[in-house]
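Residue numbers (this note's numbering): 15 to 143. We put the CB at the ideal spot given by N, CA and C, even for glycine. A short worksheet on the structure shown next.
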């Protein structure tokens with residue numbers, strides 16, 4: 015994996031007002047890796063749905079009823095726990111660190127390295143890294 019692909023894999027949308035984030039296409043949930051939420055299989059899927067459509071601007075938070083209507087049950091809590099800042103625009107951040115900053119350790123831990131076997135010279139047993 016090259017630098018650009020690695021960077022794209024680790025980017026997540028930080029939700030501001032939600033107007034620039036597509037619910038189903040953009041990575042905006044943090045899980046094992048950044049991803050969009052899953053949709054409810056029993057609900058129609060609007061591919062143009064924006065995160066702003068799931069926000070109640072009058073209350074300054076999530077429209078819980080709407081979130082439960084369209085988001086799969088396993089992702090509802092993750093969405094509702096996602097912080098929003100209505101006074102800001104959506105932005106990109108690094109999804110593998112607590113503060114959103116890309117660092118060597120965060121990048122290292124996000125790479126899926128293949129298992130590498132090295133010979134342990136004393137025991138002749140393979141050493142897996």
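- When secondary structure is reduced to three states using DSSP, residue 24 falls in the helix class.
- If you look at residue 79, you'll find it in the alpha helix (DSSP H) that goes 78-84.
- In terms of Cβ geometry, residue 31 and residue 102 form a close pair [threshold 8 Å].
- Under the three-state reduction of DSSP, residue 107 is assigned to strand.
- Remark: C-beta atoms of residue 26 and residue 46 do not approach each other more closely than 8 Å.
- Look at residue 68 here: in three-state DSSP terms it is helix.
- Counting along the chain, no alpha helix (DSSP H) covers residue 34, and no H or E run does either.
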